[in-house]
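Colleague: My structure is below; once you've seen it, I'll send some questions.
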Amino acid sequence: MQLFNNVNAMHEWCREQKKQGKTIGLVPTMGYLHDGHMSLVKAARQDCDIVVVSIFVNPIQFGQGEDYETYPRELEKDSALLANEKTDAIFAPGVKEMYPAGYDAYVEVQGAITGKMCGASRPGHFKGVTTVVSKLFHICQPDRAYFGQKDAQQLLIIKKMVRDLNFPLEIVRMPIVRESDGLAMSSRNVYLNAEERQQALVLNQALKTAANNIRGGERDIKKIHQQIKDMIETQPLAQIDYIEISSGENLTDLEEMRGEILLALAVKFGKTRLIDNLLVEV
Ligand code: PAF
59 MQLFNNVNAM HEWCREQKKQ GKTIGLVPTM GYLHDGHMSL VKAARQDCDI
109 VVVSIFVNPI QFGQGEDYET YPRELEKDSA LLANEKTDAI FAPGVKEMYP
159 AGYDAYVEVQ GAITGKMCGA SRPGHFKGVT TVVSKLFHIC QPDRAYFGQK
209 DAQQLLIIKK MVRDLNFPLE IVRMPIVRES DGLAMSSRNV YLNAEERQQA
259 LVLNQALKTA ANNIRGGERD IKKIHQQIKD MIETQPLAQI DYIEISSGEN
309 LTDLEEMRGE ILLALAVKFG KTRLIDNLLV EV
């Protein structure tokens, strides 16, 4: 397994692989890898000749007062996990390598898809994500790039960017990986104390209850919204950021419960903001 810190060296190496006719699968991450990330790496390993995993805590997708400085970093442990899954290359550039002095170019998806949910609570976040992901696509030239459904809005925005800007690659969506008690895996779960972690189980439970009610015939969007809210509010440490019920295809507001429906939420427990979601087909 090779480790690259340098943009040009990574780019050249990927170009060489392509020249040899090999397909490249890219898994963009911010490191501190868990089984959710590893499911993306495994899928890339199955589908592609070459697997590249990027590890870069991208400063421009963090807002003021967010956890950029404290975001967990563990490159050595991550490298061992990736070597174990037969990753071909890790791309772990420094901040100055990705954003040298005088850096001025940004990629932004506009419209309703970025204006709501995490886009509303974290202004500038998705602009930071689409900018770094565009750079990674140009540097690594993947045939396929793998993203988790856990970040449902990020995934849809990246898909739209790829479509609108004609990036020549396929975005592969992988399902949410959960702990055995249902908590969605996230590098940020490490911030939770025992009480917060216990109470955070309500997120998956509320989503599952709502999905069951929809499957059972409930079609009143306001009622479902209220049920999720009531369930989460049984946990005293939960501070709801948003609960959204929208189209699973493009996040537009629903006129009626029909098609692929995304139940998504962001809730803070103490200082830790968690997101989770569930897709229901009606
Ligand atoms: O999902 C993440 O970890 C990040 O947003 C990503 C896609 C690696 C971009 O920094």
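Okay, so the sequence shown: first residue is 59 according to the numbering used here, each after it adds one. Each residue gets a CB set at the ideal place from its N, CA and C atoms; glycine is no exception.
For ligand 1, I want to know if P181 counts as a neighbour, meaning its beta carbon is within less than 8 Å of at least one of the ligand's heavy atoms.
Modeller: No, the Cβ of P181 stays beyond 8 Å of every heavy atom of ligand 1.
Colleague: Report the start-end ranges of each alpha helix (DSSP H) in the segment 106-130 that is 4 residues or longer and not cut off at the edges.
Modeller: DSSP runs (the alpha helix (DSSP H)) wholly in the segment 106-130: none.
Colleague: Would you mind stating whether R202 and I301 have Cβ atoms separated by less than 9 Å?
Modeller: No, Cβ-Cβ distance for R202 and I301 is not below 9 Å.
Colleague: Which whole-angstrom value is the C-beta distance of T189 and V220, which I expect to be below 8 Å?
Modeller: So it is not a contact: roughly 14 Å between Cβ atoms.
Colleague: Going along the chain, which residues of its own chain have a beta-carbon closer than 8 Å to the beta-carbon of F205, five neighbours each way excluded?
Modeller: If we look at F205 and ignore the five residues flanking it on each side, its Cβ neighbours are P86, L98, Q212, L213, I216, I229, V230, R231, M232.
Colleague: Would you check whether ligand 1 has a heavy atom nearer than 8 Å to the C-beta of T145?
Modeller: No, the Cβ of T145 stays beyond 8 Å of every heavy atom of ligand 1.
Colleague: Under DSSP, the beta strand (DSSP E) around K287 begins and ends at which residues?
Modeller: Careful: K287 lies outside any beta strand (DSSP E), inside the alpha helix (DSSP H) at 279-290.
Colleague: By how many angstroms is the C-alpha of V340 removed from the C-alpha of R316?
Modeller: Using only the alpha carbons, I get a separation of about 5 Å.
Colleague: Along the chain, where does the beta strand (DSSP E) containing F225 start, and where does it finish?
Modeller: Counting along the chain, F225 falls outside any beta strand (DSSP E), and DSSP gives it neither H nor E.
Colleague: Under 8 Å Cβ to Cβ from V187, same chain only, skipping five residues before and after it: list those, please.
Modeller: Taken in chain order, the residues that qualify are N116, Q119, Q212, I215, I216.
Colleague: Quick test of the definition: if touching needs 3 or more C-beta pairs under 8 Å, does the segment 131-138 touch the segment 87-97?
Modeller: The segment 131-138 is in contact with the segment 87-97.
Colleague: Name the residue from L321, A101, K329 whose alpha carbon lies nearest to the alpha carbon of M175.
Modeller: If we check each option's Cα against that of M175, L321 comes out closest.
Colleague: Return the CA-CA distance between L337 and I319, expressed in angstroms with no decimal places.
Modeller: Answer to the nearest angstrom: the Cα atoms are 6 Å apart.
Colleague: Is it the case that the CB of F205 approaches a heavy atom of ligand 1 more closely than 8 Å?
Modeller: For ligand 1, at least one heavy atom lies less than 8 Å from the Cβ of F205.
Colleague: Considering only C-alpha positions, which residue in the set L61, E70, T310 is nearest to C198?
Modeller: Per the Cα distances, E70.
Colleague: Classify V110 as buried or exposed, calling it buried when 16 or more other Cβ atoms lie within 10 Å of its own Cβ.
Modeller: By the 10 Å Cβ count, V110 comes out buried.
Colleague: Where does A147 fall in DSSP's three states?
Modeller: Correct three-state label for A147: strand.
Colleague: Specify, as a first and last residue, the run of the alpha helix (DSSP H) that A138 falls within.
Modeller: Note, A138: alpha helix (DSSP H), 133-142.
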